[in-house]
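Report on the following structure.
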Amino acid sequence: MPIDMLVLHYTGMRTGPEAIARLRDPAAKVSSHYVVEEDGAVFRLVAEEHRAFHAGISHWRGHAGLNARSIGIEIVNPGHEWGYRDFPALQMAAVCDLCLDILARHPIPARNVVAHSDIAPDRKQDPGELFDWEGLARNGVGLWPGPDPAPADADAMLPLLREIGYRDDLPLPVLITAFQRHWLPGRADGIADAATRARLAAVAAMCG
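Per this note's numbering, residue 1351 is the first one in the sequence shown, and the count goes up by one each step.
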């Protein structure tokens, strides 16, 4: 089917070569279209016209099994298990350039540039709360809201999360944590306070 999603991951392994070796190992049964090293080097592992197995059990905007409709980019970072750290500027610049190239080839709407944690919020944390989504959006990759409006009411949170694209059949703190990892830099506590509810209203307004 046509490609209409771009999914960003971190590798979650100690080194880039270790991650690439696993992604190239048939026994691992995982793969991605691209890997971006911390120094900005880009490796293509799977051609874009072929399916890569990067998303796993996944849902977004009412669709499931997203490997069939997405391109996956693995970004080298040890992740939460091995010493999660900031993404270097050279790496982020390379990710941005690669994303822009992909978006030029495929009709992917900005609201479908997502994190692995967005499409699998009960299983995944990547690329995590240190990833510079705002910087990508300023350069034409994905979305980032302007000033926040008044906070959404507590009973509006699930409908707004669904409007953005999240599944709504998981515990609310799980969904809020995934939302925060993408939309509230440095935050991932699952607490739906006023700042979170305001940002939720702002993002949902862009995605309707």
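For each residue, glycine too, the CB sits at the ideal point set by N, CA and C.
By the criterion of a C-beta distance shorter than 7 Å, Ala1460 is surrounded in its chain by Gly1492 and Leu1493, once the five residues flanking it on both sides are discounted. Taking Asp1498 as the centre and dropping the five residues before and after it, the same chain places the C-beta of Ala1545, Ala1548, Arg1549, Ala1551 and Ala1552 closer than 8 Å to its C-beta, in chain order. If you ignore the 5 residues before and after Arg1364, its C-beta comes within less than 8 Å of the C-beta of Pro1428 and Trp1432, all in its own chain and listed in chain order. Excluding its 5 nearest sequence neighbours in each direction, Phe1437 has C-beta neighbours in its own chain below 7 Å: Ile1425, Asn1427, Leu1480, Phe1481 and Asp1482, listed in chain order. Spatial neighbours of Ala1378 in its own chain (CB-CB distance under 6 Å, excluding positions within 5 residues in sequence) are listed in chain order as Arg1372.
For Arg1473, the number of other beta carbons within 10 angstroms of its own is below 16, and it is reported as exposed.
Contact check for Leu1358 and Ile1458: beta-carbon distance about 12 Å, past the 8 Å limit, so the pair fails to qualify. Contact between Gly1496 and Pro1523 is ruled out by a C-beta separation of about 27 Å, above the 8 Å threshold. For the pair Val1396 and Ala1402, the CB atoms are nearer than the 7 Å cut-off. For His1532, the secondary structure class from DSSP, reduced to helix, strand or coil, is helix. Distance from the CA of Tyr1360 to the CA of Asp1476, rounded to the nearest whole angstrom, comes to 5 Å.
Per DSSP, the continuous alpha helix (DSSP H) segment holding Gly1366 begins and ends at Gly1366 to Leu1373. In the structure shown, Ala1465 adopts extended strand secondary structure according to DSSP, grouped into three states.
Looking at the DSSP output, Leu1358 bridges to Ile1423 and Ala1465. Annotation for Arg1549: the continuous alpha helix (DSSP H) segment containing it runs Ala1544 to Cys1557.
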